[in-house]
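Q: Handing you a structure now.
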Amino acid sequence: MRRSQSPRTRLIFGGRVIDPASGHDGVADVLIAADGTVAGIHPKSSDNYSSIPDAERIDASGMIVAPGFVDLHVHLREPGREDEETVASGSAAGVRGGFTTVCCMPNTEPAIADQETVRFVLHRAEEAPGRVHPIGAITRERQGHSLAEIAEMVDAGAIAFSDDGSPVASAGLLRRAMEYSRMFDVPIASHCETPDLSGDGVMHEGVVSMKLGLRGIPAISEEICVARDIALARVTGAHLHVCHVSTEGSVGIIRKAKQSGVRVTAEVTPHHLTLTDDLIARQFDPLLKVNPPLRTARDVEACCAGLADGTLDCIATDHAPHAEQEKDGEFDLAPFGMIGLETALGVSVRAMVESKLLDWSGLIDRLTRRPAEVFGIEAGTLQKGRAADVVILDPRAKWTVTPDTLISRSKNSPFFGWEITGTTVATVVGGHLVYSANGHNGYP
Amino acid sequence: MVVTNKPKRRARADVAQPVETIDNPPPVDSSRRAGTLQIKHLLGLEGVCREDLELILTTSESFKGVLDRPVKKVPPLRGQTVVNLFYEPSTRTRISFELAEKRLSADVVNFAASTSSVAKGESLRDTVNNILAMKTDVVVIRHPSPGTPHFLARTTNAIVLNAGDGAHEHPTQGLLDIYTLWERWGSLAGKRVLIVGDILHSRVARSNIWGLMTMGAEVAVCGPATLTPKEFAELGVSVYTNLDRALEYGFDAINVLRIQSERQKSDFLPTLREYSRLFGVNAARASRLRDGGLIMHPGPMNRGVEITSEVADSPISVILDQVTNGLAVRMAVLYLLCGGQAPENNPGASA
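Residue numbers (numbering that gives the first Met the number 0), protein chains in the order written: chain Y, 0 to 443; chain R, 0 to 350.
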């Protein structure tokens, strides 16, 4: 991350501090030490701080103060498609959305499939406002044929392993990968899909795809692979993390697996918590094309319930930038994917808080402590002595999503026109103010 | 074949105009006149109201009269430019559109993707922008991707006609099929139509289903289970996978779809021979239609596969009527979408 200024003592006072890791939820002050760590949470404003008169005081009255969010699943397109996003621009979109830590998938060009590319991404991350952890490919060049050099990538700093964008089609190869990953205790993040069943599908298979004459991706394509990967995790003892769960069936399979003690975690995207396949019927809008595809209302309901009851551990955006011209034309020829870092908070509030499935504390838990635990990242908490990654949120601010409101280098959001509630007012990474709604240096 | 004993149709009932008040504004367009279409484009038959369908049918009938004259040309589209944008090979649909446009006196430009800049990698957006920069009024598009006509309709000011978008819809085919039945029967209410073949991949089936149901017909589909997804039942269509059993119900028409040999390669079917045995429409099966039953096929036919020659060339076959009617229906749709009014004004009379 970029360190353009020296960290200084900061006092964020008067806000509702929600830190699920320590169980804190109440009005308090957060003191950040000059070394960029959390110095403490103090329940009441007082003159305890007279010893630090030079502290920059940030008024968070009426705001929520929380640990910076952690996103286990983003695509930053660097190296290879810097016209769509870079490590720095994606991280900037992240801190604007409240994410101080993002984990980037290896489907770049070339793929993050060796030590050198992991180091390259980490090097680029030095220029980024937030923290970036690369995820290494499971297979060499992400081709699905043989194991990549996982140990070397772990040494270089890869946080997890995934061939995301594609499944590892070979059960035998994935079994070896899981066995091998256990030596380093790194998660295998699985894009669950059965290629034979997805075929060249472009949207969820169901009554809508049938009406529109678009080729379908059936729910069982995901569910069979989730079941297969859970069976492999059970046998190998590896930590399986299921990426972007989208179907009612998958939620059920994961719930049972967790009950029987398999090491499985799972994530769900804001768009799978809110959007359904029938939206595609309006205009065949390629902005709604994503993999896994938008499913039915029943699946959305099951995903929301799964996130609420803990079956699905956390929210991850699957932020997938695409150039404008690639999403401006034929639906079935457009690439899969949608951006999400900057809309994740408001869309998740709509799905989970406004529907009363979770309270604010529960939602923040699934954006901070839970994802950090899933990948074993030292983040997602305001505990004393930890790096001060803090986000100040306005839980009542309403805003309408338009291309102009987003800073990501790509604008392929499915949420244009949505009025959502909840916005980031300021973001602090390691004691540095890296984003504020009034301009990067203007807050308060 | 010559149509005899054509039943006399009722005059088209005047469409009741809703009372417009401040509290009850007109739903679509306050400038809409009786005898004009509510739709602005013909993107599909899903959602097209019965009044529009009936207006197209009666207008088609007027144009069919024009086709029997020695001089088959009328002036309504004089000065308008129509581009036929064909991204897929097509012979009969393209020729039918082109002829319809020329008979309406439009200036016609044909654009075939294989011979154009598309072959050089130009995007749909750029191709369309270029064509529109030439001040085109109407675009007729055939494209393998569903929704492409919708893309044009929302990104351009041209009037868009869908000439087939992938497996989605082929509305003028649906209209000409409906016209062919309506011409014979006078009304489709309560009539039973069975569509046989590869329903999953068929835009003709979808347009027929929507249009026929709106016109009050009962629709069923029949084909191999791999090509007749159960979701079709959710549209209010009966789904059969056994043709002989389906025919027990008693249908008034069978619309036989072309079966493509590609389906065999991708394991939807073991062999065309087996398909033909299970779903081929032969004389024995055709004889099980109700009295006055008709056989349709959108063409091109695979004789001996989905239909036998005996049936295709029999007196109950209206397959060539469909071709003639296609011309009249396309003239009617072009005429009405370009602002033409109800046939009471008799577009042919001004020739």
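We put the CB at the ideal spot given by N, CA and C, even for glycine. This structure is a prediction, so every number in the text was calculated from the model and none was measured.
Taking only three categories from DSSP, how would you classify proline 24/R?
A: Locating residue 24/R in the second sequence gives position 25, where the first residue counts as 1. Any reading at proline 24/R must be qualified, since the residue scores a pLDDT of 37, below 50, and its modelled position is unreliable; the value itself is stated next. Here proline 24/R sits in coil by DSSP.
Q: How long is the line joining the alpha carbons of arginine 329/R and alanine 170/Y, rounded to whole angstroms?
A: In the second sequence, counting from the first residue as 1, residue 329/R sits at position 330. In the first sequence, counting from the first residue as 1, residue 170/Y sits at position 171. Straight-line Cα distance between these residues: approximately 54 Å.
Q: Kindly list, in the order they appear in chain R, the residues whose Cβ is closer than 9 Å to that of phenylalanine 98/Y.
A: By 1-based counting over the first sequence, the position of residue 98/Y is 99. Neighbours of phenylalanine 98/Y on chain R: none; closest Cβ ~33 Å, over 9 Å.
Q: At least one CB of chain R closer than 8 Å to the CB of aspartate 327/Y: is that the case?
A: Counted from its first residue, the first sequence places residue 327/Y at position 328. Aspartate 327/Y counts as touching chain R.
Q: For glutamine 142/Y, count the other beta carbons within 10 Å of its own beta carbon; 16 or more makes it buried, fewer makes it exposed. Which is it?
A: Translated into the one-based positions of the first sequence, residue 142/Y becomes position 143. Per the 10 Å Cβ criterion, exposed.
Q: Report yes if the CB atom of valine 332/R is closer than 8 Å to the CB atom of leucine 174/R, and no otherwise.
A: On the second sequence, residue 332/R is found 333 positions in, with the first residue counted as 1. On the second sequence, residue 174/R is found 175 positions in, with the first residue counted as 1. Yes. Within cutoff.
Q: How long is the line joining the alpha carbons of glutamate 60/R and leucine 52/R, rounded to whole angstroms?
A: The sequence position of residue 60/R within the second sequence is 61, counting from 1. The sequence position of residue 52/R within the second sequence is 53, counting from 1. Spanning the two alpha carbons is a distance of roughly 12 Å.
Q: Under 7 Å Cβ-Cβ, which residues of chain Y neighbour alanine 166/R?
A: In the second sequence, counting from the first residue as 1, residue 166/R sits at position 167. Simply Gly212.
Q: Can you find a C-beta in chain R that's less than 8 Å from the C-beta of aspartate 331/Y?
A: As a working note, residue 331/Y is residue 332 in the first sequence. Yes, aspartate 331/Y counts as interfacial toward chain R.
Q: When we look at the beta-carbon of proline 26/R and count the other beta-carbons within 10 Å, is it buried (16 or more) or exposed?
A: Here residue 26/R is taken as the residue at index 27 of the second sequence, counted from 1. Caution is warranted here: a pLDDT of 43 is assigned to proline 26/R, below 50, making its placement in the model unreliable, and no coordinate value can be reported.
Q: From Phe150/R, Asp106/R, Asn109/R, Val138/R, pick the residue whose C-alpha is nearest to that of serine 122/R; which is it?
A: Along the second sequence, one-based indexing puts residue 122/R at 123. If we check each option's Cα against that of serine 122/R, Phe150/R comes out closest.
Q: Starting from phenylalanine 68/Y and walking both ways along the alpha helix (DSSP H), at which residues does that stretch end?
A: Your numbering for residue 68/Y matches position 69 in the first sequence. Element bounds for phenylalanine 68/Y: not the alpha helix (DSSP H) but the beta strand (DSSP E), 68–73.
Q: Which residues in the same chain have their Cβ closer than 7 Å to the Cβ of aspartate 199/Y, if we skip the five residues on either side of it in sequence?
A: One-based indexing of the first sequence puts residue 199/Y at position 200. These residues qualify, in order along the chain: Arg214.
Q: Considering just the uninterrupted stretch of the beta strand (DSSP E) at glycine 163/R, what are its terminal residues?
A: Translated into the one-based positions of the second sequence, residue 163/R becomes position 164. First-last of the beta strand (DSSP E) with glycine 163/R: 158–164.
Q: Ignoring anything shorter than 4 residues, give me the alpha helix (DSSP H) runs that lie fully in the segment 187–235 of chain Y, in order along the chain.
A: Runs of the alpha helix (DSSP H) inside the segment 187–235 of chain Y: 194–197, 206–211, 218–235.
Q: With 8 Å set as the bound, which would you pick, yes or no: does the beta-carbon of glycine 205/Y sit closer than that to a beta-carbon of chain R?
A: Locating residue 205/Y in the first sequence gives position 206, counting from the first residue. It does; some Cβ of chain R falls within 8 Å.
Q: State the start and end residues of the unbroken beta strand (DSSP E) segment that holds tryptophan 398/Y.
A: Taking the first residue of the first sequence as 1, we reach residue 398/Y at position 399. Taken as a continuous stretch (DSSP letters only), the beta strand (DSSP E) holding tryptophan 398/Y covers 389–399.
Q: Are leucine 196/Y and isoleucine 229/Y close, meaning C-beta to C-beta below 8 Å?
A: Indexing the first sequence from 1 puts residue 196/Y at position 197. Indexing the first sequence from 1 puts residue 229/Y at position 230. No.
Q: What does the alpha-carbon distance come out to for the pair threonine 171/R and aspartate 312/Y?
A: The residue given as residue 171/R occupies position 172 in the second sequence. The residue given as residue 312/Y occupies position 313 in the first sequence. Computed Cα separation, rounded: 51 Å.
Q: Report the rounded CA-to-CA distance for cysteine 242/Y versus arginine 349/Y, giving the unit in angstroms.
A: Within the first sequence, residue 242/Y is the residue found at index 243, counting from 1. Within the first sequence, residue 349/Y is the residue found at index 350, counting from 1. Going from the Cα of cysteine 242/Y to the Cα of arginine 349/Y covers about 22 Å.
Q: Label serine 180/Y either buried or exposed according to how many other C-beta atoms from any shown protein chain fall within 10 Å of its C-beta, with 16 as the threshold for buried.
A: Here residue 180/Y corresponds to residue number 181 of the first sequence, with the count starting at 1. Flag for serine 180/Y reads buried.
Q: When you compare only the Cα positions, how much space is there between leucine 98/R and proline 69/R?
A: As a working note, residue 98/R is residue 99 in the second sequence. As a working note, residue 69/R is residue 70 in the second sequence. Computed Cα separation, rounded: 15 Å.
Q: What do you get for glutamate 192/Y, buried or exposed, if any count of 16 or more other CB atoms within 10 angstroms of its CB means buried?
A: Within the first sequence, numbered from 1, the residue matching residue 192/Y stands at position 193. Burial call: buried.
Q: Taking only the alpha-carbon atoms, compute the straight-line gap between valine 255/R and arginine 289/R and give it to the nearest angstrom.
A: Taking the first residue of the second sequence as 1, we reach residue 255/R at position 256. Taking the first residue of the second sequence as 1, we reach residue 289/R at position 290. Near 16 Å, if we compare the C-alpha coordinates of arginine 289/R and valine 255/R.
Q: Could you tell me if glutamine 321/R is buried or exposed, where buried requires 16 or more neighbouring beta carbons within 10 angstroms of its beta carbon?
A: Sequence index remark: in the second sequence, residue 321/R carries index 322 (1-based). When all chains shown are included, glutamine 321/R counts as buried.
Q: Compile a chain-ordered list of the residues in the segment 415–426 of chain Y whose CB is closer than 8 Å to at least one CB of chain R.
A: Of all residues in the segment 415–426 of chain Y, none has a Cβ within less than 8 Å of some Cβ in chain R.
Q: Beta carbon of glutamate 87/R, beta carbon of arginine 141/R: below 8 Å?
A: The residue you call residue 87/R lines up with position 88 of the second sequence. The residue you call residue 141/R lines up with position 142 of the second sequence. In contact: glutamate 87/R and arginine 141/R (Cβ atoms closer than 8 Å).
Q: Measuring only between beta-carbons, confirm whether methionine 214/R sits less than 8 Å from chain Y.
A: In the second sequence, counting from the first residue as 1, residue 214/R sits at position 215. Not closer than 8 Å to any Cβ of chain Y, the Cβ of methionine 214/R fails to qualify, so no.
Q: Is the CB of leucine 41/R under 8 Å away from at least one CB in chain Y?
A: Translated into positions along the second sequence, residue 41/R becomes position 42. Judged by the 8 Å Cβ criterion, leucine 41/R is not in contact with chain Y.
Q: Exposed or buried, arginine 9/Y, counting other C-beta atoms within 10 Å across all chains shown (16 or more means buried)?
A: Along the first sequence, read from residue 1 onward, the residue named residue 9/Y stands at position 10. Arginine 9/Y is buried by the Cβ-count criterion.
Q: Of all the residues that make up the segment 274–291 of chain Y, which are near chain R by a beta-carbon distance shorter than 8 Å?
A: Per Cβ criterion, the list reads Gln282, Phe283.
Q: 8 Å is my cut-off, CB to CB: does methionine 209/Y come that close to chain R?
A: For the purposes of this step, residue 209/Y is identified with residue 210 of the first sequence, where counting begins at 1. Cβ-Cβ to chain R under 8 Å: yes for methionine 209/Y.
Q: Would you please verify whether the beta carbon of phenylalanine 231/R is less than 8 Å from any beta carbon of chain Y?
A: Along the second sequence, one-based indexing puts residue 231/R at 232. By this cut-off, phenylalanine 231/R is an interface position.
Q: Quick one: what does DSSP say valine 244/Y is sitting in, helix, strand or coil?
A: Indexing the first sequence from 1 puts residue 244/Y at position 245. Three-state DSSP puts valine 244/Y in coil, outside helix and strand.
Q: For proline 109/Y, collect the residues of the same chain with a Cβ closer than 8 Å to its Cβ; drop the 5 residues on either side in sequence, then sort them by chain order.
A: Within the first sequence, residue 109/Y is the residue found at index 110, counting from 1. Excluding sequence neighbours, proline 109/Y sits near Pro78, Gly79, Thr116, Glu140.
Q: Alpha carbon to alpha carbon, how far is glycine 14/Y from methionine 177/Y?
A: Taking the first sequence and counting its residues from 1, the one referred to as residue 14/Y is at position 15. Taking the first sequence and counting its residues from 1, the one referred to as residue 177/Y is at position 178. Rounded to the nearest angstrom, the two C-alpha atoms are 44 Å apart.
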